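K.L.:
Chains as they are written, first to last, in this note's numbering: chain L, 1 to 206; chain G, 1001 to 1206. Sharing a structure with you now.
There are 2 protein chains.
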Amino acid sequence: MATGERAQRTADRILVAAMREFGTRGYEATSLDDLARGLGIRKQTILYWYPTKEILLEAVVDRCADEVAVRLLRGLEGAGDGFGRVEAIVRAMFRLAARHPSMLGFLREVTRLGPPASTRLMDRLEPLVASAAGFLDDEMVAGRMRRHDPRLLLLAVYSMVTGMATEVEVLRAFGEEPTLASLVRRRNELLSLLEAALVGDQARPR
Amino acid sequence: MATGERAQRTADRILVAAMREFGTRGYEATSLDDLARGLGIRKQTILYWYPTKEILLEAVVDRCADEVAVRLLRGLEGAGDGFGRVEAIVRAMFRLAARHPSMLGFLREVTRLGPPASTRLMDRLEPLVASAAGFLDDEMVAGRMRRHDPRLLLLAVYSMVTGMATEVEVLRAFGEEPTLASLVRRRNELLSLLEAALVGDQARPR
DNA sequence: CAAGGCGTCTACCAATTGGTAGAGAACCGG
DNA sequence: CCGGTTCTCTACCAATTGGTAGACGCCTTG
């Protein structure tokens, strides 16, 4: 397998740039020429590695799904019981938002694009959702968390996190600045909201 | 003002179709030719009423903002105290999602497009956010609701509603069908979650 | 009925799009 | 040093894009 290393690197750089551009400017709004210009290469080099724009999108989807899966699983590793598990999920997602801001944007973009891209993404994320839902369900059955539909709870969390982490202009209108400090504040507020909803009275200290 | 009635109607039909298409397929992905074909007219007719695609977008933004404002204010009219107010907001948003499914999609699309479109939208919605935030703040000060940052609470609600109402493919992965009954279920689940978070123990009856 | 605005149309255009064909450089094992 | 593979390039292309110019019919008003 003497695949040239520089080659691998080119394919990879394309993938990274594509995720960033697709996630921020949108899939249709990003032309292969733009992408190539940003990388200092020619469009045909992109088409060499990814024969069509759609295939490129699929590759980005796969990488994004992998990344999200890894991050979430890692975040869940040392998670404790009850609300600690929800907290672990939320923190993992926000960490993702802080370190790879364009990734959540790309996630949203893919769900907006609809099939087949969105189907591909969700098929890859489904096992994760299932395990997280089971994860939550256990705690509810054990009585350590108020009873809710675990999948809908996850959906709500997912929506809130992506919303709170990505909608910059909305945030502005809602009085939030796009700073890291503000992001942390939003995370804590969301956690406090969820804790109140799921375990009840004991308020989380400021 | 003897503005031709049929004329007015054409301009209006364009606006409605544009909101639907922009909201479902996306702004860049919708060509003026597509739009015109769907309406049984020529692209130049669209350009007669809205000289550029961007101006058309602005017009749709304005109409969307108006519609959302009217719906929300109407929903808040008879709202009672405490959690009733949150419930009124949520119900109004879900009603919007049920009757004009493309509208929430359009809202999301605009926030994704970024300035200047998103700025325009948010400028028009800002007073509404402000009044709703005050609305909530009053109840919290009066002790009828648990204390949270009212604007962040609104943002969370907004995110959850748009997420739960628009992300069809995500919903599929999370085990939800795109039916009206399922939408109602999601609304109730969200309300129960929020009630638990904001007022506490008394569970809402199934 | 004449005149002029209003609304829609046909005809066209320059720019950009995703994609093809194939040349040439760089690197490899023999 | 050679023959082939790997990789990136130049040169094109057909289709589509948002937008312009201007003709044609229709309705209203003097």
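Ideal placement from N, C-alpha and C gives every residue a C-beta, glycine not left out. Since we're looking at a predicted model, the values are computed, not measured.
Within the 8 angstroms Cβ cut-off, does L154 of chain L reach chain G?
P.N.:
True, the Cβ-Cβ gap to chain G drops below 8 angstroms.
K.L.:
How many angstroms separate the CA atom of V141 of chain L from the CA atom of A133 of chain L?
P.N.:
Approximately 12 angstroms between the Cα atoms of the pair.
K.L.:
Short check: CB of E1139 of chain G to CB of R1085 of chain G, under 8 angstroms?
P.N.:
For E1139 of chain G and R1085 of chain G, yes; Cβs fall inside 8 angstroms.
K.L.:
Applying the 10 Å Cβ sphere with the 16-neighbour rule, what's the burial state of T1003 of chain G?
P.N.:
Confidence in T1003 of chain G is poor, its pLDDT being 43 and thus under 50, which makes the residue's placement unreliable; the coordinate value appears in the next sentence. Exposed: under 16 other Cβ atoms inside 10 Å.
K.L.:
Within 8 angstroms of any Cβ in chain G, is that where the Cβ of T111 of chain L sits?
P.N.:
Yes, its Cβ sits closer than 8 angstroms to a Cβ of chain G.
K.L.:
Which word fits D1149 of chain G, buried or exposed, when buried means at least 16 other C-beta atoms lie within 10 angstroms of its C-beta?
P.N.:
By the 10 Å Cβ count, D1149 of chain G comes out buried.
K.L.:
The segment 160-190 of chain L: which residues have C-beta closer than 9 angstroms to a C-beta of chain G, in chain order?
P.N.:
Against chain G - using a Cβ distance shorter than 9 angstroms - the residues of the segment 160-190 of chain L are M160, V161, T162, G163, M164, T166, E167, V168, E169, V170, L171, R172, A173, F174, G175, E176, R185, R186, E189, L190.
K.L.:
By alpha-carbon positions, which one of G:A1097, G:G1080, G:V1170, G:E1109 ends up nearest to A990 of chain G?
P.N.:
Past the boundaries of the shown model lies residue 990 of chain G; chain G is included only from 1001 to 1206, so the question cannot be answered.
K.L.:
Tell me whether the segment 34-54 of chain L and the segment 87-102 of chain L touch, counting them as touching only if at least three CB pairs, one residue from each stretch, are closer than 8 angstroms.
P.N.:
Judged by Cβ distances under 8 angstroms, the segment 34-54 of chain L makes no contact with the segment 87-102 of chain L, as fewer than three pairs qualify.
K.L.:
Only counting the same chain, and skipping five residues up and downstream in sequence, which positions put a Cβ closer than 8 angstroms to that of M1019 of chain G?
P.N.:
Hits under 8 angstroms: V1060, R1063, C1064, S1102, M1103, F1106.
K.L.:
Whose C-alpha, out of G:E1176, G:L1171, G:G1080, is nearest the C-alpha of F1135 of chain G?
P.N.:
Out of G:E1176, G:L1171, G:G1080, G:G1080 has the C-alpha closest to the C-alpha of F1135 of chain G.
K.L.:
If you count every other CB in all the chains shown that lies within 10 Å of the CB of L171 of chain L, and 16 or more means buried, which is it?
P.N.:
Buried, since its Cβ has 16 or more Cβ neighbours within 10 Å.
K.L.:
Considering just the uninterrupted stretch of the alpha helix (DSSP H) at E1109 of chain G, what are its terminal residues?
P.N.:
Element bounds for E1109 of chain G: 1101-1113.
K.L.:
With the cut-off set at 8 angstroms, would you say E1177 of chain G and P115 of chain L are in Cβ contact?
P.N.:
Cβ distance not < 8 angstroms, so E1177 of chain G and P115 of chain L don't count as in contact.
K.L.:
Cβ closer than 7 angstroms: which chain L residues qualify as neighbours of T1052 of chain G?
P.N.:
Within 7 angstroms Cβ-Cβ: nothing; T1052 of chain G doesn't reach chain L, min ~17 angstroms.
K.L.:
So with CB distances below 9 angstroms, who are the chain G contacts of R71 of chain L?
P.N.:
Ordered by position in chain G, no residue passes the 9 angstroms Cβ test against R71 of chain L, which lies about 18 angstroms from the chain.
K.L.:
Note the first and the last residue of the continuous alpha helix (DSSP H) segment covering I1055 of chain G.
P.N.:
Looking at the DSSP string, the run of the alpha helix (DSSP H) that includes I1055 of chain G is 1053-1077.
K.L.:
I need the boundaries of the alpha helix (DSSP H) containing D1137 of chain G, first residue and last residue.
P.N.:
Note, D1137 of chain G: alpha helix (DSSP H), 1117-1141.
K.L.:
Identify which residue in G:R1124, G:G1143, G:D1123, G:E1189 has its Cα closest to the Cα of L155 of chain L.
P.N.:
Out of G:R1124, G:G1143, G:D1123, G:E1189, G:E1189 has the C-alpha closest to the C-alpha of L155 of chain L.
K.L.:
Starting from R1037 of chain G, find everything on chain L with Cβ-Cβ shorter than 9 angstroms and list it in chain order.
P.N.:
None at all; the shortest Cβ gap to chain L is about 18 angstroms.
K.L.:
On the DSSP letters alone, give me the boundaries of the alpha helix (DSSP H) that Y1048 of chain G sits inside.
P.N.:
First-last of the alpha helix (DSSP H) with Y1048 of chain G: 1043-1049.
K.L.:
I'd like the list of long-range same chain contacts for K1043 of chain G, defined as Cβ closer than 8 angstroms, with 5 residues on each side in sequence excluded.
P.N.:
Contacts found: L1032, D1033, L1035, A1036.
K.L.:
Tell me whether S1192 of chain G sits in a helix, a strand or coil according to DSSP, three-state version.
P.N.:
Here S1192 of chain G sits in helix by DSSP.
K.L.:
Measuring straight from C-alpha to C-alpha, what distance separates E1167 of chain G and M164 of chain L?
P.N.:
Their Cα atoms are separated by approximately 16 angstroms.
K.L.:
In whole angstroms, give me the CA-to-CA distance for L1072 of chain G and I41 of chain L.
P.N.:
For L1072 of chain G and I41 of chain L, the distance between alpha carbons rounds to 50 angstroms.
K.L.:
Strictly below 9 angstroms CB to CB, what residues from chain L border P1115 of chain G?
P.N.:
Going along chain L in sequence order, the residues near P1115 of chain G (Cβ under 9 angstroms) are E169.
K.L.:
Would you decide whether I14 of chain L is buried or exposed? Buried here means 16 or more other CB atoms lie within 10 Å of its CB.
P.N.:
Buried is the call here.
K.L.:
So, does the CB of R208 of chain L fall closer than 8 angstroms to a CB anywhere in chain G?
P.N.:
Any property of residue 208 of chain L remains undetermined from this structure, which presents chain L solely from 1 to 206.
K.L.:
Between the C-alpha atoms of L1198 of chain G and A1088 of chain G, what's the straight-line distance to the nearest angstrom?
P.N.:
For L1198 of chain G and A1088 of chain G, the distance between alpha carbons rounds to 14 angstroms.
K.L.:
Between Y1048 of chain G and chain L, is any beta-carbon pair separated by less than 8 angstroms?
P.N.:
Answer no: the Cβ-Cβ gap between Y1048 of chain G and chain L never drops below 8 angstroms.
K.L.:
Just the C-alpha distance for M122 of chain L and A1173 of chain G, rounded to the nearest angstrom, thanks.
P.N.:
Computed Cα separation, rounded: 6 angstroms.
K.L.:
With DSSP run on the structure shown, which of helix, strand or coil describes V1199 of chain G?
P.N.:
Correct three-state label for V1199 of chain G: coil.
K.L.:
Cα separation between G26 of chain L and V129 of chain L?
P.N.:
Looking at the two C-alpha atoms, the distance is approximately 25 angstroms.
K.L.:
Using DSSP with H/G/I as helix, E/B as strand and the rest coil, what is S182 of chain L?
P.N.:
Here S182 of chain L sits in helix by DSSP.
K.L.:
Say whether chain G places a C-beta atom closer than 8 angstroms to the C-beta of H148 of chain L.
P.N.:
Interface residue, yes.
K.L.:
Could you check whether the Cβ of A29 of chain L sits closer than 8 angstroms to any Cβ belonging to chain G?
P.N.:
Taking Cβ atoms only, chain G reaches closer than 8 angstroms to A29 of chain L, which makes this a yes.
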